[in-house]
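To start, the structure itself, in structure tokens.
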Amino acid sequence: MDLLPKDHKDFGSKEYWNEFFSKQKSQPFEWYGEYDSLSEILDKYIHPKDKVLVIGCGNSKLSADLHDVGICNSISIDINAPVINQMKEKYGKDRPQMHFEVMDVFNLSFDEGAFSVVIDKGTLDALLVDKSEEVNEKINVMFSQIERVLRNGGRYLCISLLQEHVLNKLLDWFTDKGWLIRLHRCTKAEAKSEDALAFPVYAIVLTKLRKINGAPMVLEIVHNGIASPQRCSSKKDIVEYVESAQHYAFLKHYLNKKKMVEEDICLELCSTDTGKVKYRMFVVDRKQESKMKFAIFIVVQGRETEWLFSTPQGRQELAANVNCERLIVVHLLRDNVYHSLKEVKGDISAKVLELAPASFKEQVPILSLGDDVGQRDIKCRGQSELSGEYVVEDVLAEKDQFYRRLIFLNSPYITQSEAKLMIAKKKKKKGSAKLQIDFDYIANDYHTAMISGLAFLKYKMLCPNILLIGLGGGTLAMYIHKHFPDASLEVVELDPSILDVSKKWFNLITDNRLKVHIADGLTFIQDAVSNGLKYDVVILDVDNKDLSLGISGPPVAFLETAMLQNMLQLVYDSGLVMINLACRNSELYKEAYSKLKSIFKTMFSRRIPLELNEVIYCIKTDEDQKDVLEQTKDNYATLISFLEKKTTYSDIFDVVDLASCLNEIT
């Protein structure tokens, strides 16, 4: 498996290479490894019958090591005459088939097709010092010389650190010539002392083929040793693979040296069998010192969307709860198979140890919520033109309780809709039980806050006419439908795919009391105002698809002054507009509040603990806010009494806590 940074934008290549070269000026060739650390790859591509050319050999003993394992027919060249004389004196008597010559790689004197293998260990890196036109032309000459002296089917083995410009030059020049390109990671050549920056070393094997016009490029990566190569669709795949590994080396080096408390570092562990990301890991550092210096916390399947595991703040609290200085929080991703917690530990242990502080020498504590990997059953996977790819999955949470969730995969840590499952009273077959949606249970705290908000209605609290913008899985709509039998509800949903999901997987029922319109909420509101329609309550519970704005909901167009004015007109006097606001952008948040206050004179809000959501209650009234609040307290007692007779969950609403939960907006 390869552990790669999910986001390495903060680890720029200039910093990275400066750090490396400033520390390796004294003995740079150590970074390319000797025969022992490269043999796994060299032995695969060099055979006793091959005639080998080693370019820029310096004083490396690679040629001698190859000779000693049967690769005897070799010529090593270097432009430095004293070095060549030393090599002749050192190896000439005992290894007569080895030859050393003073020669410039830009002007090789050998015949065309004289060699079956050319070995380059760090020479290209030393010569391709920048991207200047002068250097570029020199390298073109070098590659042309290598092409000339290699026979068809011959291999150019380039051992390199593959800086960006070096890799791009290799890929561009040799794909243009139609050569086969295969990349190996030389992990055995990277083992260094604890304090050193262990930089990735690569062997890029370029096989000379006759160019066939129109033939596809053959680009391959061997992820681990001599494993089966994986075909790449483009040069970009190789570049991204190399850059990710380089940035991870840099990140690992810094994690070994110091804490990164302010960073939210995420890495992904990919399966070499499937190529899919199997584990996502978050590095959580705390300023406080603890007896437990380093540990792993495995989040069982389906629980990764919970606040404690899905947010930086939650993960900090988790690290504090287990009293650990550096905690690696591991998520098990959907579309993978996990047989046991033991298997997961085996997959991740070696890689996670790379993230430990350099001083950590103990056995790593591995923590979890239980003794297994949890359960996740994907019931449905679909593609919506508006919302993108989505899944409906049943997950096992605490106390052996299953929940059904709708998740949009462009925001995998946000649960779009959630419903509790229960065993149906009637069994389909003997011995088998069917799970069904529990409509008595409210999974989202902000939905509870919206139901509570009905207490702000001066009239028709128990039989309101409601307009709900945003259906989701339909859980809020169905709760109202079941528990308020005299209420009427119109729901507006933009995405027809979501309506299908809510009916099939969340048991949404439409009838004369619950109607769903497939329409744009903005247009529906505007048309409703034009047609003189009125409602007791308007609920805005719609997500924002453009997450780059820093607001999860609603879309900013719903918070424009003209649209808020439409909502005010849409409700009766003493009516109510409720908005689920989830906004991280402080400027947008202030702007939204300013516009709301310009339209609605009486407002309250309720922040949802441990969540971004905030429910804003906008009441269409001229009454004093204190009088409204007193009336609401009385109404709330009536509301709770009414609902307690209709639900099996008596602890969902807390009348005592109502006043303390509300924030008066002035």
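Once you know that position 651 of the sequence shown is 651 in full-length UniProt numbering, the rest is easy, because the numbers rise by one and skip nothing. Just so it is clear, CB atoms sit at the ideal spot from N, CA and C, and this is done for glycine as well.
Going by the DSSP bridge assignment, what does residue i pair with across the sheet?
{"i": "Asp104", "result": "Bridge partners of Asp104: none, in fact."}
{"i": "residue 667", "result": "Because the chain here runs from 1 to 666, residue 667 falls outside it and cannot be looked at."}
{"i": "Thr380", "result": "The question names Thr, but residue 380 is Cys in the sequence shown. According to DSSP, which records beta bridges pairwise, Cys380 is partnered with Val392."}
{"i": "Ser452", "result": "Looking at the DSSP assignment, Ser452 forms no beta bridge with any residue, so it has no partner."}
{"i": "His99", "result": "Ile75"}
{"i": "Asn465", "result": "Ser488"}
{"i": "Cys583", "result": "Ile551"}
{"i": "Tyr156", "result": "Val118, Leu206"}
{"i": "Leu435", "result": "Ile423"}
{"i": "Val537", "result": "Ile466, Leu576"}
{"i": "residue 667", "result": "The structure shown does not extend to residue 667, since the chain spans only 1 to 666, so no value can be given for it."}
{"i": "Arg185", "result": "Tyr202"}
{"i": "Gln313", "result": "The partner list for Gln313 (beta bridge, DSSP) is empty, contrary to what the question assumes."}
Going along the chain, which residues of its own chain have a beta-carbon closer than 6 Å to the beta-carbon of residue i, five neighbours each way excluded?
{"i": "Lys515", "result": "Glu490"}
{"i": "Gln230", "result": "Ile221"}
{"i": "Arg286", "result": "Ala319, Glu325"}
{"i": "Cys661", "result": "Arg606"}
{"i": "Phe29", "result": "Because the pLDDT of Phe29 is 48, which lies under 50, any placement of that residue in the model is unreliable, and the number read from its coordinates should be weighed accordingly. If we look at Phe29 and ignore the five residues flanking it on each side, its Cβ neighbours are Gly122."}
{"i": "Val261", "result": "Asp285, Lys287"}
{"i": "Val655", "result": "Since pLDDT at Val655 reaches only 44, below the 50 mark, its modelled position is unreliable, and the value read off the structure follows with that caveat. Excluding sequence neighbours, Val655 sits near Tyr636, Ala637, Ile640."}
{"i": "Trp173", "result": "Phe143"}
{"i": "Glu389", "result": "Gln383, Leu409"}
First and last residue of the beta strand (DSSP E) that includes residue i?
{"i": "Thr207", "result": "202-207"}
{"i": "Glu493", "result": "488-493"}
{"i": "Lys293", "result": "292-299"}
{"i": "Phe562", "result": "Reading off the sequence, residue 562 comes out as Ala, not Phe. Careful: Ala562 lies outside any beta strand (DSSP E), inside the alpha helix (DSSP H) at 561-570."}
{"i": "Lys545", "result": "Per DSSP, Lys545 belongs to no beta strand (DSSP E) and is neither H nor E."}
{"i": "Phe115", "result": "115-121"}
{"i": "Lys515", "result": "514-518"}
{"i": "Met375", "result": "Correcting the residue identity first, residue 375 is Gln in this sequence and not Met. Neither: Gln375 is in no beta strand (DSSP E) and is coded neither H nor E."}
{"i": "Leu219", "result": "219-222"}
{"i": "Arg508", "result": "Here the sequence assigns Leu to residue 508, which means Arg is not the residue at that position. Premise fails: Leu508 is in no beta strand (DSSP E) and is neither H nor E."}
Please check if any C-beta of chain B sits within less than 9 Å of the C-beta of residue i.
{"i": "Lys420", "result": "No chain B is part of this structure, which consists of one protein chain only."}
What residue range does the alpha helix (DSSP H) around residue i cover?
{"i": "Leu596", "result": "586-599"}
{"i": "Glu137", "result": "133-149"}
{"i": "Val501", "result": "496-505"}
{"i": "Asp326", "result": "Correcting the residue identity first, residue 326 is Arg in this sequence and not Asp. Here Arg326 belongs to no alpha helix (DSSP H); instead the beta strand (DSSP E) covers 324-332."}
{"i": "Leu170", "result": "164-176"}
{"i": "residue 667", "result": "As shown, the chain starts at 1 and ends at 666. That puts residue 667 outside it, with no answer to give."}
{"i": "Leu66", "result": "62-68"}
{"i": "His483", "result": "475-483"}
{"i": "Gln86", "result": "81-91"}
{"i": "Val344", "result": "341-353"}
{"i": "Leu308", "result": "307-310"}
{"i": "Ser368", "result": "Counting along the chain, Ser368 falls outside any alpha helix (DSSP H), though it belongs to the beta strand (DSSP E) covering 366-368."}
{"i": "Ile212", "result": "Run containing Ile212: none; DSSP gives neither H nor E here."}
{"i": "Glu40", "result": "35-45"}
Excluding sequence positions up to five away, which residues of its chain have a Cβ less than 7 Å from the Cβ of residue i?
{"i": "Phe642", "result": "Leu462"}
{"i": "Tyr32", "result": "Lys121, Gly122, Ile159, Ala189, Val201"}
{"i": "Asn566", "result": "Ile525, Gln526, Val529"}
{"i": "Gly70", "result": "Pro48"}
With a threshold of 8 Å on Cβ separation, who are the neighbours of residue i within its own chain once the five nearest residues in sequence on each side are excluded?
{"i": "Asp130", "result": "His165"}
{"i": "residue 750", "result": "Nothing about residue 750 can be reported from this structure: the residues present for the chain run from 1 to 666 only."}
Segments assigned beta strand (DSSP E), at least 3 residues, entirely inside the segment 602-664: 602-607, 614-619
Report yes or no: do three or more beta-carbon pairs, one from the segment 107-125 and one from the segment 56-65, lie closer than 8 Å? Touching, per the Cβ criterion.
Assess contact between the segment 32-50 and the segment 82-95, defined as three or more Cβ pairs (one per stretch) separated by less than 8 Å. Is contact present? no
Are at least three pairs of beta-carbons, each pair with one atom in the segment 144-161 and one in the segment 199-206, less than 8 Å apart? Yes, they touch.
Whether or not the segment 609-623 and the segment 465-476 are in contact is what I'm after, with contact meaning three or more pairs of Cβ atoms, one per stretch, closer than 8 Å; do they touch? no
Say whether the segment 381-389 touches the segment 358-372, bearing in mind that this needs 3 or more beta-carbon pairs closer than 8 Å, one atom from each stretch. no
Does the pairing of the segment 532-539 with the segment 569-583 give three or more beta-carbon distances under 8 Å? Contact between the segment 532-539 and the segment 569-583 is present, because at least three Cβ pairs lie under 8 Å.
Should the segment 492-508 be regarded as contacting the segment 459-474, the criterion being three or more beta carbon pairs within less than 8 Å? yes
Would you list, in sequence order, the uninterrupted alpha helix (DSSP H) runs of no fewer than 4 residues that lie entirely inside the segment 260-285? none
Per the contact definition of three or more C-beta pairs closer than 8 Å, is the segment 317-328 in contact with the segment 411-421? no
Would you say the segment 35-44 touches the segment 105-115, given that touching needs at least three Cβ pairs under 8 Å? no
Would you be able to state if there are at least three C-beta pairs under 8 Å between the segment 304-320 and the segment 338-353? Cβ pair count under 8 Å is below three, so no.
Is it a yes or a no for the segment 537-544 touching the segment 572-583, going by three-plus beta-carbon pairs under 8 Å? yes
Inter-stretch contact at 8 Å, needing at least 3 Cβ pairs: the segment 74-84 / the segment 97-108: Pairwise C-beta distances place the segment 74-84 in contact with the segment 97-108, as three or more of them are shorter than 8 Å.
Could you give the uninterrupted runs of the beta strand (DSSP E) lying entirely in the segment 238-263, keeping only those of 3 residues or more? none
Check whether the segment 615-626 touches the segment 440-453, counting contact only when three or more Cβ pairs, one atom from each stretch, lie closer than 8 Å. yes
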